[in-house]
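In the UniProt record's numbering, the protein residues as written are 1 to 151. For glycine and all other residues, C-beta sits at the position ideal for the given N, C-alpha and C. Please read these numbers as outputs of a predicted model, since none were measured by experiment. Here the structure comes first, spelled out in structure tokens, and everything after it is commentary.
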Amino acid sequence: MKVGLIKDTELKEETPLVDVKFTHSLCIGQTGSGKTTSFIYPNIKHRMEIGHGVLFFDIKGSEHLALKKLASDANRLDDIVEIGKPWGSNINIIESLNNRTFATLLQGLVGDPSDAGSNTYFYNEAMSLGTSIFNILKLKSIISKEIREIG
């Protein structure tokens, strides 16, 4: 039995990639322990490489360049859409989505109805509320566009 540093043994590092069947993961570590560079970035890049879409919120505004680098490495830079940036063109997601696409997106967020079990009522209510909000925002977008064209 050996204890301590073993000079002749090469450490094998494996990036902990989250199984693609999972939609959520948790990584815990103290500040500076490498959560972002060793866990978050490799998993985002892996998802991009296998063709998945990634919704990324850059709360502090400091990660967008790293995300673009990952997208570039995965040959997906042209797929990046930035929302809320103070430069460039504006995008209105609501305008370009139809009800079916939004319902599919919402179902992906809320979950599969067959997994709702005893929470079927809440699943249905979440879908109904989300769809109603989408329809109101869509109507507002259409009305605003028509007012701009008239005025």
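### Query
Phe134 and Phe102 look like a contact to me (Cβ under 8 Å); what is the Cβ gap, rounded to whole Å?
Counting from one through the sequence shown, the residue named residue 134 turns up at place 134. Counting from one through the sequence shown, the residue named residue 102 turns up at place 102. Going by Cβ atoms, the distance from Phe134 to Phe102 rounds to 5 Å, so yes, they are a contact pair.
### Task
Consider the C-beta atom of Asp79 and the heavy atoms of the ligand PLP; say whether any pair is separated by less than 6 Å.
Among the ligands in the structure shown, none appear at all, so the ligand PLP cannot be discussed.
### Task
Sort Thr15, Ile50, Asn124, Ile40 by Cα distance to Ser25 and report the nearest one.
Here residue 25 refers to the residue found at position 25 of the sequence shown. Checked all of Thr15, Ile50, Asn124, Ile40; the closest Cα to Ser25 is Ile40.
### Message
My assumption, with CB atoms under 8 Å, is that Asn43 sits in contact with Val18. Please give the rounded CB distance.
### Response
Your numbering for residue 43 matches position 43 in the sequence shown. Your numbering for residue 18 matches position 18 in the sequence shown. Between Val18 and Asn43 the Cβ distance is about 5 Å, and since that is below 8 Å, they are a contact.
### Query
Does the Cβ of Leu77 have 16 or more other Cβ atoms within 10 Å, making it buried, or fewer, making it exposed?
Here the question's residue 77 lines up with position 77 in the sequence shown. Result: exposed.
### Query
What's the C-alpha gap between Asp115 and Lys21?
As a first step, residue 115 is located in the sequence shown; it is residue number 115 there, counting from the start. As a first step, residue 21 is located in the sequence shown; it is residue number 21 there, counting from the start. Each residue's alpha carbon lies about 14 Å from the other.
### Query
Under a Cβ-count criterion, where at least 16 other Cβ atoms within 10 Å of its own Cβ denotes burial, should residue 182 be classed as buried or exposed?
Given that the chain is displayed from residue 1 to residue 151, the structure contains no residue 182 and the question cannot be resolved.
### Query
Span of the alpha helix (DSSP H) holding His46?
Start at 1 with the first residue of the sequence shown, and residue 46 comes out as number 46. Run containing His46: 41-49, per the alpha helix (DSSP H) assignment.
### Message
By the DSSP assignment, the alpha helix (DSSP H) with Asn129 in it spans what residues?
### Response
Your numbering for residue 129 matches position 129 in the sequence shown. As written in the sequence, residue 129 is Leu, which differs from the Asn given in the question. Looking at the DSSP string, the run of the alpha helix (DSSP H) that includes Leu129 is 120-150.
### Task
Helix, strand or coil for His64, going by three-state DSSP, please let me know.
Counted from its first residue, the sequence shown places residue 64 at position 64. His64 falls in the helix class under three-state DSSP.
### Message
Considering only their Cβ atoms, is the gap separating Asp58 from His64 smaller than 7 Å?
### Response
As a first step, residue 64 must be located in the sequence shown, where it is residue number 64. As a first step, residue 58 must be located in the sequence shown, where it is residue number 58. Closer than 7 Å, so yes.
### Query
According to the neighbour-count rule (16 or more other Cβ atoms, all chains shown, within 10 Å of its Cβ), is Lys45 buried or exposed?
One-based indexing of the sequence shown puts residue 45 at position 45. That one is buried.
### Query
Of the residues Leu97, Ile83, Gly130, Ile93, which one's Cα is nearest the Cα of Leu106?
Residue 106 sits at position 106 when you count from the first residue of the sequence shown. Nearest option by C-alpha distance: Gly130.
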